[in-house]
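First residue of the sequence shown? That's 67 in the working numbering, and the numbers climb one at a time after it.
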Amino acid sequence: MFSMIKTSGFVIKKYDFREYDRIYTVYTEELGKVPIFVRSARKIKSKLAPGLENFNEVRLNFIKGRIFNHLAGWSTTVANSKILRETEKIEATYDCLYLLDRLIKEEEPDKNIFGLLKEVINAINTPFFLPLSKGELEGVLQKIKVYFFWRLVDSLGYRPQLDSCAFCGNLIKEESRELRFNITDNIIICRQCAGDGMAIGEQTLQTLKQIFQFSLNSFLNLELDEQLISITNKSKQIKLSEL
């Protein structure tokens, strides 16, 4: 006998399946990432699919099957439609959801990740930082993407070692120059130990630490330098290449 599941979640992607069907990927509070099959979703008269859109927070009822999870009903909790009004917001949200989809396995629930996803999507949809010019908005969205990546990595158990040199154990506070950040292993190496890695300045290191200490709204008040953006982008590439 198949069980009925009731849960909240965010629609992170959808794709067409067969002639008229569609499969939605939803990150749920209780089950983590789950695929949801919707029969005849692409038909004009479909009663289940309309309104079930990417970025929306929804309440789902679905039947957990052997091959597919079949959608039985749903309602919108929050329609995050303001994201769709600006291309920059759409791209930033997709960037976060792509990482989530690639790095997270199915049915591995995590309350911290669900909370992070909610925090980030809500901030992009209804930001407290309005009004902004296009350039200012791009800067804020860059901060959100950096914050999301490192907090997601942290939730997966890969928080970088930032307080001491991974080789000699000296506290980083005793070092103020020529620090290196090893992107592959997420570790700091002091100047005495040298080694491979990207240079990381004292202020950049401090900002990276604050990602794990601050809420998103507080982090958005900080300055974000190009060095941290570069380190983040290269770390993303490595994480995705490991899959």
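For glycine and all other residues, C-beta sits at the position ideal for the given N, C-alpha and C.
If you're wondering where the values come from, they're calculated on a predicted model, not measured in any experiment.
For S284, the enclosing alpha helix (DSSP H) has its first and last residue at L282 to F285. In this structure, DSSP gives L126 an extended state, which the three-state scheme calls strand.
Nearest to N283 by C-alpha distance, out of K130, V186, A265 and T94, is V186.
Looking at S69, Y81, S112 and V212, the one whose alpha-carbon comes closest to that of T159 is V212. Ranked by Cα distance from G98, the first of I249, L222 and F233 is L222. In this structure, DSSP gives Y213 a helical state, which the three-state scheme calls helix.
The residues C231, F233 and C234, in chain order, have a CB closer than 7 angstroms to that of C259 in the same chain once the five nearest residues on each side in sequence are set aside.
Contact annotation: the region 150-170 does not touch the region 103-115, with fewer than three C-beta pairs closer than 8 angstroms. Inclusion of T298 and F215 in the CB contact set at 8 angstroms is warranted, their separation being smaller than that value. Distance from the CA atom of L166 to the CA atom of N191, rounded to whole angstroms, is 18 angstroms. Membership of A158 in the alpha helix (DSSP H) is indicated by the continuous run T153 to L169. With fewer than 16 neighbouring CB atoms inside 10 Å of its own CB, S69 falls in the exposed class. Runs of the beta strand (DSSP E) lying entirely within the region 67-109, each at least 3 residues long, are 69-83, 87-94 and 98-104 in chain order. By the CB criterion at 8 angstroms, E119 and V77 fall inside the cutoff. Take I253, set aside five residues on each side of it, and the residues of its chain with a beta-carbon closer than 6 angstroms to its own are Q227 and A232, in chain order. Approximately 20 angstroms separates the beta-carbon atoms of T142 and G181; this is outside 8 angstroms, ruling out the contact.
Proximity to K130 across T73, L286, C256 and K155 peaks at T73, based on C-alpha coordinates.
DSSP places L137 in no alpha helix (DSSP H) but in the uninterrupted beta strand (DSSP E) bounded by N135 to V144. If you ignore the 5 residues before and after A145, its C-beta comes within less than 6 angstroms of the C-beta of N122, all in its own chain and listed in chain order. A direct Cα-Cα distance of roughly 41 angstroms separates G139 from K300.
Straight across, the Cα-Cα distance linking D82 with I149 is about 23 angstroms.
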